[in-house]
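Q: I'd like to ask some things about the structure below.
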Amino acid sequence: MKISRRTLMVATASAAAVAALPAAAAEFTFTFAHVLTEDTPNARAAVKFKEEVEKNSNGRIEIQIRPAAQLGGDVEIIEQTQMGLVHFAIPPTGNLANFNEKMYLYDLPFLMPDNEAMMRVLDGEVGAELLTTLEANNLHGINMWGAGFRHMTNNIRPINGPDDLKGIKMRTLQAPTILATYRAYGANPTAMAYTEVYNGLQQGVVEGQENPLANIYSMKFYEVQKFMTLTGHAYHTYAAVMNKAAWDSLPDDLKKVVADAMVVGRDAARQYTAEDEAKILEEIKDQIEIQELTPEGRAAFIKASEPIYEEFRAKVTPEILDKAIAAAKG
């Protein structure tokens, strides 16, 4: 993939900034970049991770968090992490799949029906196996975070099944799995940076989008959307990654500190997400029409999703896909 202009600019600015800094008290100073606003569960969990690392390393590691797309979008942050300009990141696996095709797995629709299935897949053998494949991308995969299950919103009509998506201009991540999914449902998907979605919806460039409730709320998408269906069609998975050289530079005791803190961060993100979602639905219920997906609608979506599994089976690898399906079923 061609390195973005934004990444090259960050490289130049970072080099200049490092040269100008006085010697730091910490043995290691690392940057943690993400695109999320600071009030979202995962952004708050990133702060929890920082606190755990700095406390348990006795100040030997300092974490500098750069939230809210200060260093660019998810793809740019992945590039910067590969290059060592950023040291920690939590990119959506949908974006990460542009660099590592096995990550297509996590955006297959209706793979993980609930939180218990999600934890069996992400925290078990499948998650561990996929994390190891990131070494080839100059990344050290630590564990899997996430922002809850994604739901669909739009301005055209209520979504009761895949047929209702026909012709709707849906914004998605720059993720082949997700783009292919909406094409299979008959929608017109468009990849768009997360920070541009509100304006895109407001101006009619796109008519709908999918995101977990925390993102829908924090970015105020409900202000510029009429309908939301709680489809829960995919878990919005983030891979907690570190630049490989930065990871390798740590002594074993500090590697353990970082890995343990990532577990604390992951669990905090899940806890914060669960606590926030009920409050969010209550707060926005008078501003957007909300409905549940019926069992019949879910069955129709699952049927319409079958070609997506066949399309991406070889890229994910049949072995990993079969293990993931078995783990999700329990």
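Here the sequence shown stands for residues -25 to -1, 1 to 305, where the numbers follow mature numbering (1 follows the signal peptide of the UniProt record, and there is no 0). Idealized CB from N, CA, C, for every residue including glycine. Owing to the predicted nature of the structure, the values given are computational and were not obtained by experimental measurement.
Please state the DSSP three-state secondary structure of P(-4).
A: Counting from one through the sequence shown, the residue named residue -4 turns up at place 22. For P(-4), the predicted structure reports a pLDDT of 45, less than 50, and the residue's modelled location is therefore unreliable. The matter cannot be settled from this model.
Q: Taking only three categories from DSSP, how would you classify R41?
A: Within the sequence shown, residue 41 is the residue found at index 66, counting from 1. Three-state result, R41: strand.
Q: Apart from the five residues just before and just after L(-5), which ones in its own chain have a Cβ nearer than 6 angstroms to its Cβ?
A: The residue labelled residue -5 in the question sits at position 21 within the sequence shown. Reliability fails at L(-5), whose pLDDT of 47 lies under 50, so the model's placement of it is uncertain and the value that follows must be treated cautiously. Here the set comprises nothing.
Q: Compare the Cα-Cα distances from E267 to each of P66, L71, P133 and A209 and report the closest residue.
A: Along the sequence shown, read from residue 1 onward, the residue named residue 267 stands at position 292. For the residues P66, L71, P133 and A209, the minimum Cα distance to E267 belongs to P133.
Q: So, at 7 angstroms on beta carbons, what are the nonlocal neighbours of A(-3) in its own chain, with the 5 sequence-adjacent residues on each side left out?
A: Working through the sequence shown from its first residue, we reach residue -3 at position 23. Because the pLDDT at A(-3) is just 45, under 50, the model does not fix this residue reliably, and the value given afterwards should be weighed accordingly. Excluding positions up to five away in sequence, the list is empty.
Q: For N17 and D139, I'd like the C-alpha separation in whole angstroms.
A: Against the sequence shown, residue 17 aligns to sequence position 42. Against the sequence shown, residue 139 aligns to sequence position 164. Spanning the two alpha carbons is a distance of roughly 32 angstroms.
Q: Would you list the residues sitting across from T156 in a DSSP beta bridge?
A: Locating residue 156 in the sequence shown gives position 181, where the first residue counts as 1. None, per the DSSP bridge assignment.
Q: Would R146 and N186 qualify as a contact pair, given that the criterion is a beta-carbon distance under 7 angstroms?
A: Your numbering for residue 146 matches position 171 in the sequence shown. Your numbering for residue 186 matches position 211 in the sequence shown. Against a cut-off of 7 angstroms, the Cβ pair of N186 and R146 comes out as no contact.
Q: Over the uninterrupted beta strand (DSSP E) stretch that includes V216, give me the two end residues.
A: As a working mapping, residue 216 is identified with position 241 in the sequence shown. Unbroken beta strand (DSSP E) run through V216: F202 to N218.
Q: In its own chain, which residues sit with a C-beta less than 8 angstroms from the C-beta of A162, not counting the 5 before and 5 after it?
A: Within the sequence shown, residue 162 is the residue found at index 187, counting from 1. Hits under 8 angstroms: L140, K141, G142, I143, K144, M145 and G183.
Q: Could you tell me the boundaries of the beta strand (DSSP E) in which M127 lies?
A: Counted from its first residue, the sequence shown places residue 127 at position 152. Note, M127: beta strand (DSSP E), L114 to N129.
Q: Are E37 and T6 closer than 7 angstroms when you measure CB to CB?
A: Taking the first residue of the sequence shown as position 1, residue 37 is located at position 62. Taking the first residue of the sequence shown as position 1, residue 6 is located at position 31. No, Cβ-Cβ distance for E37 and T6 is not below 7 angstroms.
Q: Have a look at T128, E27 and Q57 and flag the residue whose alpha-carbon is nearest the alpha-carbon of D242.
A: Sequence index remark: in the sequence shown, residue 242 carries index 267 (1-based). D242 has its Cα closest to that of E27, out of T128, E27 and Q57.
Q: Straight-line CA distance for M127 to L205?
A: Mapped onto the sequence shown, residue 127 falls at position 152. Mapped onto the sequence shown, residue 205 falls at position 230. Taking the straight line joining both Cα atoms gives about 7 angstroms.
Q: Please list, in chain order, all residues of the same chain as A43 whose beta carbon is under 6 angstroms from its beta carbon, the five residues on each side excluded.
A: Against the sequence shown, residue 43 aligns to sequence position 68. Within the same chain, A43 has close Cβ partners T12.
Q: Taking K219 as the reference, which of I53, Q262 and G34 has the closest Cα?
A: On the sequence shown, position 244 is the one that residue 219 refers to. For K219, the nearest C-alpha among the options comes from I53.
Q: For a test of the three-state rule: what should DSSP assign to Q55, helix, strand or coil?
A: Residue 55 sits at position 80 when you count from the first residue of the sequence shown. Note: Q55 maps to helix in three-state DSSP.
Q: Quickly, what does DSSP pair M145 with across the bridge? List them, please.
A: Working through the sequence shown from its first residue, we reach residue 145 at position 170. P164 and G183, per the DSSP bridge assignment.
Q: Just mark D82 as buried or exposed, buried being the case when its beta carbon has 16 or more other beta carbons within 10 Å.
A: By one-based count along the sequence shown, residue 82 stands at place 107. It counts as buried.
Q: Can you tell me whether A(-9) is helix, strand or coil according to DSSP?
A: Counted from its first residue, the sequence shown places residue -9 at position 17. Legend: pLDDT at A(-9) = 47, less than 50; position of this residue unreliable, value from coordinates given subsequently. A(-9) falls in the helix class under three-state DSSP.
Q: How should G305 be labelled, buried or exposed, when 16 other C-beta atoms within 10 angstroms of its C-beta is the threshold for buried?
A: Here residue 305 is taken as the residue at index 330 of the sequence shown, counted from 1. G305 is exposed by the Cβ-count criterion.
Q: For A103, is the classification buried or exposed, using 16 other Cβ atoms within 10 angstroms of its Cβ as the cut-off for buried?
A: Indexing the sequence shown from 1 puts residue 103 at position 128. With fewer than 16 other Cβ atoms within 10 Å, it is exposed.
Q: Is the Cβ-Cβ distance between V232 and N33 less than 7 angstroms?
A: In the sequence shown, the residue the question calls residue 232 occupies position 257. In the sequence shown, the residue the question calls residue 33 occupies position 58. No, the pair does not count as a contact, with Cβ atoms beyond the cut-off.
Q: Output the boundary residues of the alpha helix (DSSP H) element that contains F196.
A: Here residue 196 corresponds to residue number 221 of the sequence shown, with the count starting at 1. It is not in any alpha helix (DSSP H) - F196 carries neither H nor E in the DSSP assignment.
Q: Note down the Cα distance separating D89 from N190, rounded to an integer number of angstroms.
A: Along the sequence shown, read from residue 1 onward, the residue named residue 89 stands at position 114. Along the sequence shown, read from residue 1 onward, the residue named residue 190 stands at position 215. Cα-Cα distance, rounded: 19 angstroms.
Q: Comparing alpha-carbon positions, which option in R245, N118, I283 and D14 lies nearest F63?
A: For the purposes of this step, residue 63 is identified with residue 88 of the sequence shown, where counting begins at 1. The option with the nearest alpha carbon to F63 is N118.
Q: Kindly indicate the opening and closing residues of the alpha helix (DSSP H) around F85.
A: As a working note, residue 85 is residue 110 in the sequence shown. Taken as a continuous stretch (DSSP letters only), F85 belongs to no alpha helix (DSSP H), as it is neither H nor E.
Q: Spatial neighbours of A(-9) within its chain, please: CB distance less than 8 angstroms, with the 5 preceding and 5 following residues excluded, ordered by chain position.
A: Start at 1 with the first residue of the sequence shown, and residue -9 comes out as number 17. With a pLDDT of only 47 at A(-9), under the threshold of 50, the placement of this residue in the model should not be trusted; the figure read from the coordinates follows. Nothing listed; no residue qualifies.
Q: Within a Cβ cutoff of 8 angstroms, which residues of the same chain sit near K195, ignoring the five residues on either side of it in sequence?
A: Counting from 1 along the sequence shown, the entry for residue 195 is found at position 220. These residues qualify, in order along the chain: Y173.
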